[in-house]
Amino acid sequence: MTEYEHPYHIEVTAESFYLADQSDPDEAHYVFAYRITLRNVGSVSAQLVSRHWIITDGNGDVQEVRGLGVVGEHPELAPGESFEYTSGSALTTPVGSMRGTYQMVAADGERFEAEIPEFALLVPNVLH
């Protein structure tokens, strides 16, 4: 069985954006938005019940965030369906990263995790 034939498989992609108008570099306040897309590439419907984020700033300081759902929702995805949302995070450095997991429950009651691959939070042109 390949990874994509697994009955419980949620593919997660992320894209981040620097929000200059909400940031204040003089006060070490950098705000980022990120767009997440979840796609059920498995063969069983599944619902997102909670999230666990690991946010690392440019100094290596780590903050963990846990919570129910995403943006106030608990999306349920049938095989082949996608769900997209946008949220945000603030850092005290112009560079950082985020990664984590979504805790899912399949229609048959099986619990599993969907990995959120690490993605960068970067102020444009800060790295040369």
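FYI, in the UniProt record's numbering the residues of the sequence shown are 1 to 128. Idealized CB from N, CA, C, for every residue including glycine.
Through-space distance from residue j to residue i, alpha-carbon basis
i      : j       : result
His-29 : Pro-117 : 24 Å
Asn-59 : Ala-120 : 14 Å
Thr-93 : Asp-24  : 11 Å
Leu-38 : Asp-26  : 36 Å
Ile-55 : Val-12  : 17 Å
Val-70 : His-6   : 24 Å
Ser-82 : Asp-61  : 32 Å
Thr-86 : Arg-111 : 25 Å
Tyr-4  : Ala-106 : Model confidence at Tyr-4 stands at a pLDDT of 48, short of 50, so the residue's coordinates are unreliable; what they give is reported in the following sentence. Using only the alpha carbons, I get a separation of about 16 Å.
His-9  : Met-98  : 21 Å
Ala-20 : Glu-115 : 29 Å
Ser-16 : Asn-40  : 21 Å
Beta-carbon gap between residue i and residue j smaller than 8 Å
i       : j       : result
Leu-48  : Met-104 : yes
Arg-51  : Gly-100 : yes
Ala-33  : Gly-88  : yes
Val-31  : Ala-90  : yes
Glu-113 : Tyr-102 : yes
Under the three-state DSSP convention, the category residue i falls into
i       : result
Pro-117 : strand
Asp-108 : coil
Ala-78  : coil
Asp-61  : coil
Counterpart residues of residue i in DSSP-defined beta bridges
i      : result
Leu-91 : Tyr-30
Val-12 : Leu-38
Own chain partners of residue i with C-beta closer than 6 Å, once the 5 adjacent residues on each side are dropped
i      : result
Val-65 : Trp-53
Ala-78 : Ser-45
Glu-73 : none
Sequence-distant residues of its chain with Cβ nearer than 7 Å to residue i (five each side left out)
i       : result
Asp-108 : Val-44
Asp-57  : Leu-91, Thr-92, Thr-93, Gly-96
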